[in-house]
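Worksheet for the structure shown next.
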Amino acid sequence: MRHRVHWIDVLKGIGIFLVIMGHTIKDTYVYNWIYSFHMPLFFFLSGFLIEQKPKIDSYKIFLLQKCKSLLLPFIVFRILLVIYWIVIESKYRELDLGPIWFLIVLFFNEIIIAPILLKYRKIWQSILCTSFCCIAFLTLKNIDFSFLYNYSFSWLLKTIPGWSLRILNAGIWFSGGFLLHKLIKYMPKNQIFIYLSLFICLGLSLLLSNLNPYVSMYCSTVGDFKLYLLLAISGICALFLISKYFIKQCHWIEWIGNYTIVILAIHEPIKRIILKLCELSTHISISTLQNNFWIALFICFLILIGCIPVIWLFKWIKTHSGNTGNFILTFIK
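Quick note: the sequence shown, position 13, residue 12 per numbering that gives the first Met the number 0, numbers continuous.
As structure tokens, this is what we get:
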């Protein structure tokens, strides 16, 4: 169990660094490759991890736990990011939701899909749940919701289809991760199978990602749906194999993996600050910096380093704020 936790934290650490890269590097090939699987990866991992949990005895307690672990950090970071925007960025850019949309979508997957998966655990039932999410997503995506704009509170009604699509899209990967945990015990464990699987998965992911460009889970843009599934599965499985059988354990990557929620929430404003400082110091435009792979990769590491003091600050606040701080910052380890 201890060994398994190590590689999972390694996987989360690699995944969150890919999120930073995807939001920073504008090289078309790298961008398309990362976006082909980086957000499905986190939903897939969440589903993978819940398979070993027992059946939910009290849905009320389960719901409260998920509110504390997912909704509470969303509220905390939303407030902090809005304050930051008002003070620093309101004159330069519009307020947006940022990457913390992930927490809302994961919350709905945890409270709707997870209880079903945990109750009906047979492989065929997991396949049925994954298939339902696929069919529901494709059906909903092809419906014209413009008629909603004629009703009162149309601004609210217009958000429902978008969030429903995100939740269903994420549900494909959430239930798929649950399914993989059930199937993995039937897979060969010899080195030939592992190396061959990695070669195939990584090869498909790297070679074919440009065939289905501009994928975005937040925008529900999937391009060719069959390619979307193939590329996401390939990228996810490649990272699973690399983390579990090759890297296995790395203290600093695991440390990053332990703070994925914090890094997810704060890396965007840190990115904008670092890019602006680089532009002012080098007299090279931000777009040029982002389109140069090696420079942009270096900036990604600077962004990650910039997240560390903020994480330390949250840890210090949690340590020195008693029970209230422990409750509010429950996501800080």
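Backbone N, C-alpha and C fix where the C-beta goes; we use that ideal spot for every residue, glycine too.
Close Cβ partners of residue i (< 7 Å) along its chain, the five nearest in sequence each way excluded
i	result
residue 84	94
residue 257	8 and 332
residue 244	193
C-beta atoms of residue i and residue j nearer than 8 Å
i	j	result
residue 72	residue 316	no
residue 296	residue 122	no
residue 235	residue 16	no
residue 310	residue 270	no
residue 242	residue 203	no
Cα-Cα separation, residue i to residue j
i	j	result
residue 171	residue 129	5 Å
residue 77	residue 88	15 Å
residue 279	residue 294	15 Å
residue 32	residue 321	44 Å
residue 134	residue 224	11 Å
residue 330	residue 298	27 Å
residue 284	residue 215	25 Å
residue 188	residue 247	15 Å
residue 2	residue 282	Because residue 2 carries a pLDDT of 45, less than 50, the predicted location of this residue cannot be relied on, and no value is offered for it.
residue 276	residue 288	11 Å
residue 70	residue 59	15 Å
residue 165	residue 146	20 Å
residue 227	residue 237	15 Å
residue 220	residue 213	7 Å
residue 18	residue 304	15 Å
Sequence-distant residues of its chain with Cβ nearer than 8 Å to residue i (five each side left out)
i	result
residue 110	61, 62 and 65
residue 22	98, 266, 267 and 270
residue 163	139
residue 182	122
One or two residues paired with residue i in a DSSP bridge
i	result
residue 220	215
When the options are compared against residue i, the one with the closest alpha-carbon
i	options	result
residue 168	131, 179, 178 and 202	131
residue 97	299, 276, 262 and 312	262
residue 6	82, 253 and 19	253
residue 308	255, 240 and 207	255
residue 4	292, 250 and 117	250
Proximity test, Cβ basis, 8 Å: residue i and chain D
i	result
residue 236	In the displayed structure, chain D is absent; only one protein chain is listed.
Cut-off 6 Å between Cβ atoms - residues of its own chain near residue i, not counting five sequence neighbours on either side
i	result
residue 49	113
residue 186	none
residue 144	160
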